[in-house]
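Contents: one structure, followed by commentary.
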Amino acid sequence: MKWSNYFIPTQKEAPKEAETISHKLMIRAGLIDKLSAGVYTYLPLGLKVLRKVENIVREEMNNSGAVELLMPSLQPASLWKETKRFDKMGKDMITFIDRHNREMIFGPTHEEVITDIVRKYVKSWKQLPIILYQIQTKFRDEIRPRFGVIRAREFLMKDAYSFDINEKGLDNSYNLMKETYKKIFSRCGLKFKIQEADSGVIGGKFSEEFVAEGECNELEVGHIFKLGTEYSLSMKAYFVDKYGKESPIYMGCYGIGVSRIIAAIIEGNYDKNGIIWPLSVSPFEVVIIPINMSDYEIKNISEKIYKDLIENGIDVILDDREESAGFKFKDADLCGFPYQVVIGKKIKEKKVEIKARSTNKTEDINFEKVTDYIKDILREEKK
RNA sequence: CGGGGCGUAGCGCAGUCCGGUUAAGCGCGCUUGGUUUGGGACCAAGAGGUCCUCGGUUCAAAUCCGAGCGCCCCGACCA
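The opening position of the first sequence corresponds to residue 816 in this note's numbering, with each subsequent residue numbered one higher.
Set out below in structure tokens:
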């Protein structure tokens, strides 16, 4: 990607409404734009990070044996009345009356919908256990949206639901998800702790939350629940066991705030100059900075290195703007790309400089060896 | 929903207390031309405003009064 063709509206100053570091940096680095309280656009760079996080979540969920599906955001209120949660959720739900005078809601979570699916199609112990999940936008009319995307009214969530024949099976599914979550958060470069939590309006017997470490006390990046038979009883989701007896399905549910992960990563990975992305979720792995675009040699070699890196499958952005060197350095640091390839005067000695964002260490290397060098360090880091 | 703060150019702000010629200002950003290019360059010229909205007071309102809307922070609440 060439910077001049892309869309990264960086800002020197953050709007005053942003107070937490992740919120400020997400706006300054051109990741998000606020439309309304708790409602954000993901700008191209932000979307790229979101997709990378999403894919890590998807990969690890799939590895665990969970199966992806996609449920609707629009749901009939009637479903929520079956479980008595329509009143329990109350004003946290965004509701409306459709033209046929039916009460509808924008899904804040999907226990009701998934249980409806399972009660329709799962009839026998032979179909269990199963874990179904989706990555989808949730809507919650938060009492008080805050801290940018950390508490938003519309946000991307991965929600998974497990179905088992008994409590022991539920424990297995629960522990499987717990281990999967550890892998996901580690791959995202997050430091976290797991603590027992209140189950709140989701209900169930037992829950634990994954809390990311950072300056901002954000209420958590993941939460796992043992629901038991609460929903299966109220919604009549039964299966027939091997003795021919009908029993309620044991359920668990497991949420990850995908968009919240991004803020959590930033809270734990930044310095005075901006974001320091872990390689696994960085919007680009490498940024190429030609110091002077009107110098033909610098320009040509930058283009050459750029093409070379692309051909080798490296996610690279070329800062081909007619801006001063300092300006480009500031933007590169702010946006937090892990590696900067700086092409300047040293090109006369066939050398370019490679800087690691996280350590600030630089190394001069022959411009023809850049691709191999980058490939080596990326491979090393991805281990 | 209780408490606090804010709303003036894309962003950050001054001006509001004490109404009037500071007849709407500054920094950054933006446009054009030129010179630059290793840490948010310099010179010159320029563009950009329903001063949140509506109503009231007044000879006169960004400024005073009333209502509303929006945004942020603390709390309660929550995944």
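Just so it is clear, CB atoms sit at the ideal spot from N, CA and C, and this is done for glycine as well.
- Message: Quick test of the definition: if touching needs 3 or more C-beta pairs under 8 Å, does the stretch 861-872 touch the stretch 887-906?
- Response: no
- Query: Would DSSP call residue 1150 helix, strand or coil?
  - Reply: Residue state, collapsed to three classes: helix.
- Selected residue, minimal CA-CA separation from residue 979, among 1183, 1000, 938, 859: 938
- With a threshold of 16 other CB atoms inside 10 Å of the CB of residue 914, please say whether the residue is buried or exposed. Exposed, since its Cβ has fewer than 16 Cβ neighbours within 10 Å.
- Message: According to DSSP, residue 851 sits in a beta bridge with which residue or residues?
- Response: Beta-bridge pairing links residue 851 to 854.
- Euclidean distance between Cα positions of residue 1098 and residue 825: Roughly 14 Å separates the two Cα atoms.
- Message: Out of 1066, 1062, 1055, 1053, which one is the CA nearest neighbour of residue 1040?
- Response: Between residue 1040 and the set 1066, 1062, 1055, 1053, the nearest pair of CA atoms involves 1066.
- Task: Answer with buried or exposed for residue 1058, where buried requires no fewer than 16 other C-beta atoms within 10 angstroms of its C-beta.
- Result: Its Cβ having fewer than 16 others within 10 Å, residue 1058 is exposed.
- Query: Between which two residues does the beta strand (DSSP E) carrying residue 1012 extend?
  - Reply: First-last for residue 1012: undefined, no H or E at that position.
- Residues bridged to residue 1177 by DSSP? 1170
- Query: Touching or not, the stretch 947-964 and the stretch 876-892, by the rule of three or more beta carbon pairs under 8 Å?
  - Reply: yes
- So does the stretch 964-971 actually touch the stretch 980-999, counting three or more Cβ pairs closer than 8 Å? no
- Query: Does the beta-carbon of residue 905 have 16 or more other beta-carbons within 10 angstroms, so that it is buried, or is it exposed?
  - Reply: Under this definition residue 905 is an exposed residue.
- Cβ-Cβ separation, residue 1021 to residue 1035 (assumed contact under 8 Å), whole Å: A Cβ-Cβ distance of about 16 Å is found for the pair residue 1035 and residue 1021, leaving them out of contact under the 8 Å criterion.
- Cα separation between residue 841 and residue 1090? 9 Å
- In this structure, does DSSP put residue 1110 in helix, strand or coil? Here residue 1110 carries a coil assignment [DSSP, helix/strand/coil].
- Query: What did DSSP end up calling residue 1066 once you bin it into helix, strand or coil?
  - Reply: In the structure shown, residue 1066 sits in a strand (DSSP, three-state: E or B).
- CA nearest to the CA of residue 1081, picked from 877, 1060, 963, 1104: 963
- Task: Determine the closest residue to residue 1111 out of 827, 1159, 856, with distance taken between C-alpha atoms.
- Result: 1159
- With DSSP as the reference, label residue 951 as helix, strand or coil. strand
- Would you check if there are 3 or more beta carbon pairs closer than 8 Å linking the stretch 1069-1087 to the stretch 832-841? yes
- Using the beta-carbon count (16 or more within 10 Å), is residue 1069 buried or exposed? buried
- Query: Are three or more beta carbon pairs between the stretch 926-935 and the stretch 1049-1064 nearer than 8 Å?
  - Reply: yes
- Assign residue 1202 to buried or exposed, taking buried as 16 or more other Cβ atoms, counted over all protein chains shown, within 10 Å of its Cβ. The shown model of the chain, from 816 to 1198, leaves out residue 1202, and the question about it has no answer.
- Item | Short Cβ contact (9 Å threshold) for residue 1077 with residue 845 | no
- residue 1195 classed as buried or exposed, judged by whether at least 16 other C-beta atoms fall within 10 angstroms: exposed
- Item | Reduced DSSP secondary structure (H/G/I, E/B, other) of residue 1039 | In the structure shown, the three-state DSSP call for residue 1039 is strand.
- Item | Opposing strand residues paired with residue 1086 [DSSP bridges] | 1089
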